[in-house]
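The sequence shown begins at 1 in this note's numbering and counts up by one.
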Amino acid sequence: MYSEIIDIGLFFPKAVYTNIDLETDFPGLKIKELTRLTGVKSRHICRDDETSLDMGTGAAEKLFSQNKTDKANIDYLIFCSAGGDYITPASACIIHERLNLEKNCGTVDINQGCTGFIHGLNLANGLIAGGNAKSVLLISSEAISKTIHPKDKGNRAIFGDAAAATLVGRSKTQKTLSRFVFGTDGSKFDQIIIKHGRERFPLPEFAEDDYVDAMGTTRNNSKIYMNGSEVFSFSINKAPELIEQLLLSAKLNISEIDKFVFHQSNRIVLETIGKKLKIPEQKIISELENCGNTVSSSIPIALKKSFDKGIIAKGDKILLAGFGVGFSWGGVIIEF
1 MYSEIIDIGL
11 FFPKAVYTNI
21 DLETDFPGLK
31 IKELTRLTGV
41 KSRHICRDDE
51 TSLDMGTGAA
61 EKLFSQNKTD
71 KANIDYLIFC
81 SAGGDYITPA
91 SACIIHERLN
101 LEKNCGTVDI
111 NQGCTGFIHG
121 LNLANGLIAG
131 GNAKSVLLIS
141 SEAISKTIHP
151 KDKGNRAIFG
161 DAAAATLVGR
171 SKTQKTLSRF
181 VFGTDGSKFD
191 QIIIKHGRER
201 FPLPEFAEDD
211 YVDAMGTTRN
221 NSKIYMNGSE
231 VFSFSINKAP
241 ELIEQLLLSA
251 KLNISEIDKF
261 VFHQSNRIVL
271 ETIGKKLKIP
281 EQKIISELEN
291 CGNTVSSSIP
301 IALKKSFDKG
311 IIAKGDKILL
321 AGFGVGFSWG
331 GVIIEF
(Lines of atoms letter the chains of each structure in order from A and count residues from 1; the text may use other names and numbers.)
(Lines give C-alpha, C1' and ligand atoms only; values in the text may rest on other atoms or scores of the structure.)
Protein backbone atom coordinates (compact mmCIF):
# COMPACT_ATOMS: atom_id res chain seq x y z
CA MET A 1 0.00 0.00 0.00
CA TYR A 2 1.24 3.50 -0.86
CA SER A 3 0.22 6.81 0.71
CA GLU A 4 0.09 10.45 -0.37
CA ILE A 5 -0.95 13.87 0.90
CA ILE A 6 -4.44 14.50 -0.48
CA ASP A 7 -5.11 18.01 0.81
CA ILE A 8 -4.29 20.44 3.63
CA GLY A 9 -6.62 22.78 5.52
CA LEU A 10 -5.28 25.76 7.47
CA PHE A 11 -6.55 27.77 10.41
CA PHE A 12 -5.20 31.06 11.74
CA PRO A 13 -6.59 33.00 14.72
CA LYS A 14 -8.19 36.32 13.78
CA ALA A 15 -5.97 38.45 16.03
CA VAL A 16 -2.77 39.64 14.33
CA TYR A 17 0.28 40.95 16.17
CA THR A 18 2.47 43.00 13.83
CA ASN A 19 6.04 44.22 14.11
CA ILE A 20 4.61 47.70 14.64
CA ASP A 21 2.84 46.31 17.71
CA LEU A 22 6.11 44.69 18.78
CA GLU A 23 7.96 47.99 18.44
CA THR A 24 5.28 49.71 20.52
CA ASP A 25 5.62 47.10 23.27
CA PHE A 26 9.42 47.19 23.20
CA PRO A 27 10.61 50.77 22.51
CA GLY A 28 14.10 50.89 21.08
CA LEU A 29 13.83 47.49 19.41
CA LYS A 30 15.70 47.49 16.08
CA ILE A 31 12.69 46.31 14.15
CA LYS A 32 14.17 46.53 10.63
CA GLU A 33 17.15 44.40 11.58
CA LEU A 34 14.90 41.97 13.44
CA THR A 35 12.62 41.63 10.41
CA ARG A 36 15.59 41.02 8.14
CA LEU A 37 16.89 38.22 10.36
CA THR A 38 13.59 36.53 11.18
CA GLY A 39 11.68 37.12 7.96
CA VAL A 40 8.58 37.76 10.08
CA LYS A 41 6.43 40.89 9.79
CA SER A 42 3.30 39.68 11.58
CA ARG A 43 1.91 36.64 13.32
CA HIS A 44 -1.50 35.38 14.46
CA ILE A 45 -2.25 35.13 18.18
CA CYS A 46 -4.95 33.09 19.93
CA ARG A 47 -7.60 34.72 22.07
CA ASP A 48 -7.41 33.95 25.79
CA ASP A 49 -10.26 31.45 25.38
CA GLU A 50 -8.89 29.90 22.16
CA THR A 51 -6.64 26.82 22.33
CA SER A 52 -4.62 24.51 20.11
CA LEU A 53 -7.53 22.09 20.24
CA ASP A 54 -9.91 24.77 18.94
CA MET A 55 -7.54 25.70 16.12
CA GLY A 56 -6.98 22.06 15.18
CA THR A 57 -10.72 21.52 14.95
CA GLY A 58 -11.00 24.65 12.80
CA ALA A 59 -8.27 23.44 10.43
CA ALA A 60 -10.01 20.07 10.03
CA GLU A 61 -13.34 21.75 9.33
CA LYS A 62 -11.64 23.92 6.70
CA LEU A 63 -10.12 20.80 5.13
CA PHE A 64 -13.49 19.06 4.92
CA SER A 65 -15.18 22.17 3.50
CA GLN A 66 -12.67 22.41 0.64
CA ASN A 67 -12.34 18.67 0.02
CA LYS A 68 -15.11 16.24 -0.88
CA THR A 69 -13.73 13.47 1.34
CA ASP A 70 -16.41 11.86 3.49
CA LYS A 71 -15.56 12.17 7.18
CA ALA A 72 -16.89 8.65 7.63
CA ASN A 73 -13.84 7.39 5.72
CA ILE A 74 -11.35 8.76 8.27
CA ASP A 75 -10.13 5.75 10.23
CA TYR A 76 -7.26 7.33 12.18
CA LEU A 77 -6.72 10.77 13.73
CA ILE A 78 -3.28 12.02 14.81
CA PHE A 79 -3.07 15.24 16.81
CA CYS A 80 0.38 16.82 16.99
CA SER A 81 0.83 19.60 19.55
CA ALA A 82 2.77 20.65 22.63
CA GLY A 83 -0.49 21.99 24.04
CA GLY A 84 -3.94 20.67 24.79
CA ASP A 85 -6.93 21.51 26.96
CA TYR A 86 -6.24 18.80 29.52
CA ILE A 87 -3.38 16.61 30.75
CA THR A 88 -5.70 13.69 30.03
CA PRO A 89 -7.60 12.63 27.94
CA ALA A 90 -5.74 12.96 24.67
CA SER A 91 -6.83 15.99 22.64
CA ALA A 92 -7.34 13.70 19.63
CA CYS A 93 -10.27 12.09 21.47
CA ILE A 94 -11.94 15.47 21.97
CA ILE A 95 -11.39 16.53 18.35
CA HIS A 96 -12.80 13.16 17.29
CA GLU A 97 -16.04 14.03 19.09
CA ARG A 98 -16.13 17.60 17.75
CA LEU A 99 -15.72 16.39 14.17
CA ASN A 100 -18.26 13.60 14.69
CA LEU A 101 -15.93 10.94 13.32
CA GLU A 102 -16.82 7.26 13.28
CA LYS A 103 -16.39 5.17 16.44
CA ASN A 104 -13.98 2.82 14.63
CA CYS A 105 -11.52 5.70 14.11
CA GLY A 106 -8.27 5.40 16.09
CA THR A 107 -6.84 8.45 17.85
CA VAL A 108 -3.45 9.43 19.26
CA ASP A 109 -1.58 12.55 20.42
CA ILE A 110 2.09 13.18 19.66
CA ASN A 111 4.29 15.97 20.99
CA GLN A 112 7.53 16.50 19.08
CA GLY A 113 7.61 20.21 18.32
CA CYS A 114 9.29 21.30 15.12
CA THR A 115 9.77 17.71 13.91
CA GLY A 116 6.23 16.70 14.84
CA PHE A 117 4.71 16.89 11.36
CA ILE A 118 7.36 14.53 9.97
CA HIS A 119 6.71 12.04 12.79
CA GLY A 120 2.97 12.29 12.17
CA LEU A 121 3.41 11.80 8.43
CA ASN A 122 5.57 8.74 9.08
CA LEU A 123 2.91 7.27 11.38
CA ALA A 124 0.19 7.94 8.79
CA ASN A 125 2.32 6.38 6.07
CA GLY A 126 2.95 3.29 8.23
CA LEU A 127 -0.74 2.86 9.07
CA ILE A 128 -1.66 2.94 5.39
CA ALA A 129 1.29 0.83 4.21
CA GLY A 130 0.46 -1.82 6.81
CA GLY A 131 -3.17 -1.97 5.72
CA ASN A 132 -4.39 -0.65 9.08
CA ALA A 133 -5.89 2.56 7.68
CA LYS A 134 -7.12 3.92 4.38
CA SER A 135 -7.46 7.58 5.31
CA VAL A 136 -5.58 9.39 8.09
CA LEU A 137 -6.25 12.89 9.41
CA LEU A 138 -3.03 14.48 10.70
CA ILE A 139 -3.63 17.70 12.65
CA SER A 140 -0.75 19.95 13.73
CA SER A 141 -1.75 22.79 16.04
CA GLU A 142 0.28 25.11 18.24
CA ALA A 143 -0.93 27.92 20.49
CA ILE A 144 2.64 28.75 21.39
CA SER A 145 1.91 32.39 22.27
CA LYS A 146 0.34 31.12 25.51
CA THR A 147 3.74 29.78 26.59
CA ILE A 148 5.74 32.98 25.90
CA HIS A 149 6.43 35.50 28.66
CA PRO A 150 4.90 38.90 27.76
CA LYS A 151 8.33 40.53 28.23
CA ASP A 152 10.19 37.97 26.08
CA LYS A 153 10.69 40.08 22.96
CA GLY A 154 12.82 37.48 21.17
CA ASN A 155 10.27 34.68 21.18
CA ARG A 156 7.34 37.06 20.66
CA ALA A 157 9.08 38.26 17.49
CA ILE A 158 9.53 34.77 16.05
CA PHE A 159 6.53 32.62 16.95
CA GLY A 160 2.89 32.60 15.88
CA ASP A 161 -0.20 30.47 16.49
CA ALA A 162 -1.75 28.32 13.75
CA ALA A 163 -3.04 24.87 12.83
CA ALA A 164 -2.93 22.63 9.77
CA ALA A 165 -5.02 19.55 9.00
CA THR A 166 -3.43 17.19 6.49
CA LEU A 167 -5.42 14.41 4.84
CA VAL A 168 -3.23 11.40 4.04
CA GLY A 169 -4.75 8.69 1.88
CA ARG A 170 -3.96 5.72 -0.30
CA SER A 171 -2.06 6.17 -3.55
CA LYS A 172 -1.80 3.87 -6.55
CA THR A 173 1.85 4.82 -7.00
CA GLN A 174 4.86 5.28 -4.71
CA LYS A 175 4.88 8.88 -3.47
CA THR A 176 7.47 8.46 -0.72
CA LEU A 177 10.76 8.70 -2.63
CA SER A 178 13.13 8.24 0.31
CA ARG A 179 12.98 6.47 3.61
CA PHE A 180 11.96 8.57 6.60
CA VAL A 181 15.12 9.68 8.41
CA PHE A 182 15.01 10.60 12.11
CA GLY A 183 17.42 11.50 14.87
CA THR A 184 17.55 12.75 18.44
CA ASP A 185 20.14 14.34 20.72
CA GLY A 186 18.46 14.14 24.11
CA SER A 187 21.48 15.68 25.83
CA LYS A 188 20.17 19.04 24.57
CA PHE A 189 16.63 18.59 25.90
CA ASP A 190 16.88 21.72 28.04
CA GLN A 191 17.80 24.11 25.22
CA ILE A 192 14.13 24.58 24.30
CA ILE A 193 12.04 23.91 27.37
CA ILE A 194 9.07 24.83 29.53
CA LYS A 195 10.48 23.63 32.83
CA HIS A 196 7.59 23.91 35.28
CA GLY A 197 4.04 22.62 35.16
CA ARG A 198 4.29 18.83 34.91
CA GLU A 199 5.26 15.98 37.29
CA ARG A 200 8.91 16.93 37.91
CA PHE A 201 8.14 20.55 38.84
CA PRO A 202 4.39 20.81 39.40
CA LEU A 203 2.53 24.09 39.78
CA PRO A 204 1.78 25.83 42.07
CA GLU A 205 4.37 24.15 44.30
CA PHE A 206 7.21 25.26 42.03
CA ALA A 207 5.70 28.59 40.99
CA GLU A 208 8.39 31.25 40.89
CA ASP A 209 8.68 34.97 40.44
CA ASP A 210 10.04 36.40 37.22
CA TYR A 211 13.80 36.76 36.87
CA VAL A 212 16.11 38.48 34.39
CA ASP A 213 18.71 36.33 32.63
CA ALA A 214 22.25 37.27 31.58
CA MET A 215 20.95 38.62 28.27
CA GLY A 216 18.53 40.97 30.01
CA THR A 217 15.43 38.96 29.08
CA THR A 218 12.65 38.54 31.64
CA ARG A 219 12.02 34.83 32.23
CA ASN A 220 9.76 32.53 34.21
CA ASN A 221 10.20 28.76 34.41
CA SER A 222 6.54 28.20 33.59
CA LYS A 223 7.12 29.89 30.20
CA ILE A 224 9.16 28.76 27.22
CA TYR A 225 12.93 29.15 27.24
CA MET A 226 14.97 28.86 24.05
CA ASN A 227 18.75 29.12 23.86
CA GLY A 228 18.89 30.95 20.54
CA SER A 229 22.59 30.48 19.80
CA GLU A 230 22.51 26.74 20.60
CA VAL A 231 19.37 26.21 18.52
CA PHE A 232 20.84 28.16 15.61
CA SER A 233 24.06 26.14 15.69
CA PHE A 234 22.14 22.87 15.89
CA SER A 235 19.83 23.82 13.01
CA ILE A 236 22.48 24.95 10.53
CA ASN A 237 24.69 21.91 11.23
CA LYS A 238 22.20 19.07 11.65
CA ALA A 239 19.77 20.06 8.87
CA PRO A 240 22.41 19.81 6.09
CA GLU A 241 23.41 16.36 7.37
CA LEU A 242 19.76 15.30 7.35
CA ILE A 243 19.25 16.60 3.82
CA GLU A 244 22.29 14.72 2.54
CA GLN A 245 21.02 11.50 4.16
CA LEU A 246 17.64 11.93 2.50
CA LEU A 247 19.15 12.56 -0.93
CA LEU A 248 21.38 9.50 -0.55
CA SER A 249 18.40 7.37 0.47
CA ALA A 250 16.42 8.45 -2.60
CA LYS A 251 19.46 8.32 -4.92
CA LEU A 252 18.73 11.90 -5.94
CA ASN A 253 20.76 15.10 -6.02
CA ILE A 254 19.80 18.68 -5.25
CA SER A 255 19.14 19.52 -8.91
CA GLU A 256 16.47 16.78 -9.04
CA ILE A 257 14.50 18.20 -6.10
CA ASP A 258 11.89 20.76 -7.16
CA LYS A 259 11.37 22.40 -3.77
CA PHE A 260 12.79 22.21 -0.24
CA VAL A 261 10.29 22.75 2.57
CA PHE A 262 12.08 23.05 5.89
CA HIS A 263 10.65 23.77 9.31
CA GLN A 264 10.02 27.51 9.12
CA SER A 265 12.24 28.53 12.03
CA ASN A 266 13.45 31.91 10.76
CA ARG A 267 14.89 33.46 7.62
CA ILE A 268 18.57 33.39 8.63
CA VAL A 269 18.43 29.65 9.39
CA LEU A 270 16.78 28.85 6.06
CA GLU A 271 19.26 31.01 4.16
CA THR A 272 22.27 29.53 5.95
CA ILE A 273 21.18 25.94 5.25
CA GLY A 274 20.66 26.82 1.60
CA LYS A 275 24.09 28.43 1.29
CA LYS A 276 25.83 25.49 2.99
CA LEU A 277 24.39 23.02 0.49
CA LYS A 278 24.37 25.43 -2.48
CA ILE A 279 20.64 25.04 -2.94
CA PRO A 280 19.25 27.61 -5.41
CA GLU A 281 17.39 30.27 -3.42
CA GLN A 282 14.21 29.88 -5.48
CA LYS A 283 13.96 26.22 -4.46
CA ILE A 284 13.71 26.97 -0.73
CA ILE A 285 10.18 27.72 0.43
CA SER A 286 9.79 30.54 2.95
CA GLU A 287 6.35 31.27 4.42
CA LEU A 288 7.33 33.20 7.52
CA GLU A 289 6.32 36.76 6.71
CA ASN A 290 2.69 36.73 7.83
CA CYS A 291 2.58 33.85 10.30
CA GLY A 292 6.03 33.40 11.85
CA ASN A 293 7.38 30.14 13.24
CA THR A 294 4.32 27.97 13.90
CA VAL A 295 6.28 24.98 15.26
CA SER A 296 4.74 21.64 14.15
CA SER A 297 2.33 23.44 11.81
CA SER A 298 5.03 25.24 9.83
CA ILE A 299 5.78 22.57 7.20
CA PRO A 300 2.16 21.85 6.18
CA ILE A 301 1.42 25.60 6.18
CA ALA A 302 4.36 26.21 3.84
CA LEU A 303 3.24 23.33 1.61
CA LYS A 304 -0.36 24.53 1.35
CA LYS A 305 0.41 28.22 0.87
CA SER A 306 3.03 27.48 -1.78
CA PHE A 307 0.69 25.11 -3.61
CA ASP A 308 -2.12 27.70 -3.60
CA LYS A 309 0.30 30.29 -5.03
CA GLY A 310 1.42 27.92 -7.79
CA ILE A 311 4.97 27.74 -6.42
CA ILE A 312 4.54 24.01 -5.76
CA ALA A 313 2.68 21.81 -8.24
CA LYS A 314 1.30 18.30 -8.14
CA GLY A 315 4.01 15.86 -9.11
CA ASP A 316 6.86 17.98 -7.74
CA LYS A 317 9.60 16.25 -5.80
CA ILE A 318 9.64 17.91 -2.36
CA LEU A 319 12.19 17.45 0.40
CA LEU A 320 10.64 17.96 3.83
CA ALA A 321 12.85 18.50 6.88
CA GLY A 322 12.03 19.35 10.48
CA PHE A 323 14.45 20.13 13.29
CA GLY A 324 14.24 21.66 16.75
CA VAL A 325 12.94 20.94 20.25
CA GLY A 326 14.37 17.82 21.82
CA PHE A 327 16.81 18.22 20.04
CA SER A 328 15.16 16.16 17.31
CA TRP A 329 15.22 16.07 13.53
CA GLY A 330 13.47 14.20 10.74
CA GLY A 331 12.72 14.32 7.06
CA VAL A 332 11.47 12.60 3.94
CA ILE A 333 11.34 13.20 0.18
CA ILE A 334 7.88 12.94 -1.36
CA GLU A 335 6.16 13.41 -4.68
CA PHE A 336 3.48 15.96 -3.90
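We treat Cβ as the ideally placed atom computed from N, Cα and C, and that holds for glycine. Please read all numbers here as calculations on a predicted model, not as lab measurements.
- According to the DSSP assignment, T107 belongs to the beta strand (DSSP E) that extends over 106 to 110.
- Going by DSSP, H196 is part of no alpha helix (DSSP H) at all; its letter is neither H nor E.
- In chain order, I5, I8, L138, P300 place their CB closer than 7 Å to the CB of T166, counting only its own chain and leaving out the 5 sequence neighbours on each side.
- Within the same chain, H44, I45, C46, R47, E50, M55, D161, A162 come within 8 Å of P13 by CB-CB distance, once the 5 residues on both sides are set aside.
- Where T24 is concerned, the enclosing alpha helix (DSSP H) starts and stops at 19 to 25.
- Taking 4 residues as the shortest admissible run, the stretch 110 to 137 contains the following complete alpha helix (DSSP H) segments, listed from N- to C-terminal end: 116 to 129.
- Residues of the same chain with a CB within less than 6 Å of the CB of F159, apart from the 5 flanking positions on each side, are I144, G292, N293 in chain order.
- In the displayed model, R47 falls within coil according to three-state DSSP, outside both helix and strand.
- The residue among T184, Q264, A250 with its C-alpha nearest the C-alpha of Q174 is A250.
- N100 and F64 have their C-alpha atoms roughly 12 Å apart.
- Fewer than three pairs of CB atoms, one per stretch, sit closer than 8 Å, so the stretch 21 to 29 makes no contact with the stretch 111 to 120.
- By the Cβ-count criterion, L319 is buried, with 16 or more other Cβ atoms from all chains shown falling within 10 Å of its own Cβ.
- D85 places its beta carbon less than 8 Å from that of I94.
- Pairwise C-beta distances place the stretch 302 to 312 out of contact with the stretch 199 to 217, as fewer than three of them are shorter than 8 Å.
- At the C-beta level, K188 and W329 stay beyond 8 Å of one another.
- One Cα belongs to R219, the other to H149, and the distance between them is close to 7 Å.
- E289 sits close to V40, with the two beta carbons spaced by under 8 Å.
- At a Cβ-Cβ threshold of 8 Å, S296 and E142 count as neighbours.
- Taking the Cα positions, T217 is about 46 Å away from D75.
- Taking C-beta atoms as the reference points, K223 and T147 count as a pair closer than 8 Å.
- With fewer than 16 other Cβ atoms inside 10 Å of its own Cβ, T88 counts as exposed.
- Taking 8 Å as the cut-off, the Cβ atoms of L177 and E335 count as close.
- Going by beta carbons, Q264 and A302 fall inside the 8 Å limit.
- Taking a contact as a CB-CB distance under 8 Å, the pair I257 and K283 counts as one, their CB atoms being some 7 Å apart.
- As computed with DSSP, V16 is found in a beta bridge with H44.
- For F11, the enclosing beta strand (DSSP E) starts and ends at 2 to 11.
- Annotation: the continuous beta strand (DSSP E) that includes V332 extends over 328 to 335.
- Of P204, I31, G197, L277, the smallest CA-CA separation from L247 is found for L277.
- G84: not part of any beta strand (DSSP E); DSSP gives it neither H nor E.
- About 6 Å separates the CB atoms of K304 and L10; that is less than 8 Å, so the two are in contact.
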